[in-house]
Amino acid sequence: MDLKEALTNLAEVRRDLDAAAQAVARAKQALEETAEAKALAELKKQQAALSGEYMATDDQARALVLAEFQATANKAPAKGADISIYHEAEYDPARLLAWCQERRPTYVLLSLDVKRIDKNADDLMRDGAPLQIVERPRVRIATDLSEYLPKCHYCGVMATSNGPQGEPICADCAPVAEATAAVGEPTCKEEPDA
Ligand SMILES: [Zn+2]
Numbered sequence: 000m001d002l003k004e005a006l007t008n009l010a011e012v013r014r015d016l017d018a019a020a021q022a023v024a025r026a027k028q029a030l031e032e033t034a035e036a037k038a039l040a041e042l043k044k045q046q047a048a049l050s051g052e053y054m055a056t057d058d059q060a061r062a063l064v065l066a067e068f069q070a071t072a073n074k075a076p077a078k079g080a081d082i083s084i085y086h087e088a089e090y091d092p093a094r095l096l097a098w099c100q101e102r103r104p105t106y107v108l109l110s111l112d113v114k115r116i117d118k119n120a121d122d123l124m125r126d127g128a129p130l131q132i133v134e135r136p137r138v139r140i141a142t143d144l145s146e147y148l149p150k151c152h153y154c155g156v157m158a159t160s161n162g163p164q165g166e167p168i169c170a171d172c173a174p175v176a177e178a179t180a181a182v183g184e185p186t187c188k189e190e191p192d193a
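Letter by letter, the sequence shown follows residues 0 to 193 in numbering that gives the first Met the number 0.
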């Protein structure tokens with residue numbers, strides 16, 4: 000192959016590659032304009048909005064569990080929500096470092112080995128280390144909170160939406176309730192004129 004042929008080959012492959020990239024871009028755009036792709040984009044938007052709402056509602060529930068515990072000392076203020084107490088070592092790092100360097104050098108790596116200190120805080124305190132153990136409440140919320148979800152007004156299973164009168168309703172009862180609401184309540188027949 001001479002140089003001219005090689006450059007011709009290169010020019011042709013570049014041209015074809017450009018065309019291929021454009022074809023991919025056109026196909027992608029066509030795909031994005033389909034009803035399915037638009038529906039998917041809308042669903043993703045709703046999902047993202049719910050994720051934000053989830054974090055806010057989770058924070059709110061945790062804050063209320065903690066407030067209830069602080070007011071009443073009740074560690075299980077509601078079904079599915081409780082408080083566990085964990086212990087945390089509190090100390091002045093410089094003082095503890097100095098103490099460990101002298102008395103417990105294995106607790107010092109490049110600086111204080113905080114993991115090891117947390118794990119052995121009780122022993123260290125007993126040996127006179129300058130630290131104290133504090134209790135901290137931690138809120139736990141059950142994974143399954145389904146008992147809090149509204150039940151279907153008609154059959155009692157978990158409701159998935161609201162019915163025609165705003166009543167909680169399941170997917171099975173919804174069509175029946177809507178059909179009934181459309182027909183309306185039966186009215187009394189007027190008495191025929193005498
Ligand atoms: Zn139902």
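Every residue, glycine too, gets a C-beta built ideally from N, C-alpha and C.
Keep in mind the model is a prediction, meaning the values are calculated, not measured.
Other residues of its chain near residue i: CB distance less than 7 Å, five sequence neighbours each side excluded
| i | result |
| --- | --- |
| Pro-149 | Ala-158, Pro-167 |
| Tyr-197 | Coverage of the chain is limited to positions 0 through 193, which leaves residue 197 absent and any answer about it impossible. |
| Gln-100 | Val-107 |
| Pro-92 | Leu-111 |
| His-152 | Gly-162, Glu-166, Pro-167, Ile-168 |
Residue i and residue j closer than 9 Å at C-beta
| i | j | result |
| --- | --- | --- |
| Asp-15 | Ile-140 | no |
| Asp-126 | Arg-102 | yes |
| Ala-63 | Ile-82 | Correcting the residue type first, residue 63 is Leu in the shown sequence and not Ala. No, they are not a contact pair. |
| Ser-160 | Ala-173 | yes |
| Ala-88 | Met-54 | no |
| Val-156 | Asp-171 | yes |
| Leu-111 | Leu-96 | yes |
| Ala-36 | Leu-30 | yes |
Given residue i as reference, the closest of the options once Cα atoms are compared
| i | options | result |
| --- | --- | --- |
| Gln-69 | Ser-145, Arg-135, Ala-176, Gly-165 | Arg-135 |
| Ala-60 | Tyr-153, Ile-84, Arg-137 | Arg-137 |
| Ile-132 | Ala-178, Ala-93, Tyr-85, Thr-7 | Tyr-85 |
Residue i - DSSP class collapsed to helix/strand/coil
| i | result |
| --- | --- |
| Met-0 | coil |
| Asp-57 | helix |
| Tyr-153 | coil |
| Gln-100 | helix |
| Ala-193 | The pLDDT assigned to Ala-193 is 47, lower than 50, so where the model puts this residue is not dependable, and the model offers no usable value. |
| Leu-148 | coil |
| Ala-10 | helix |
| Asp-81 | strand |
Interface flag, residue i vs chain D, CB-CB below 9 Å
| i | result |
| --- | --- |
| Cys-172 | Any reference to chain D falls outside this structure, which holds one protein chain only. |
Cut-off 8 Å between Cβ atoms - residues of its own chain near residue i, not counting five sequence neighbours on either side
| i | result |
| --- | --- |
| Glu-146 | Lys-78, Gly-79 |
| Lys-27 | none |
Residues near residue i in its chain [Cβ-Cβ closer than 6 Å; skip 5 each side]
| i | result |
| --- | --- |
| Gly-162 | Ile-168, Ala-176 |
Using 8 Å as the cut-off, can you tell me whether the stretch 111 to 127 makes contact with the stretch 62 to 80, which would need three or more C-beta pairs spanning the two stretches below that distance? As far as the Cβ criterion goes, the stretch 111 to 127 does not touch the stretch 62 to 80, which means the pair count is below three.
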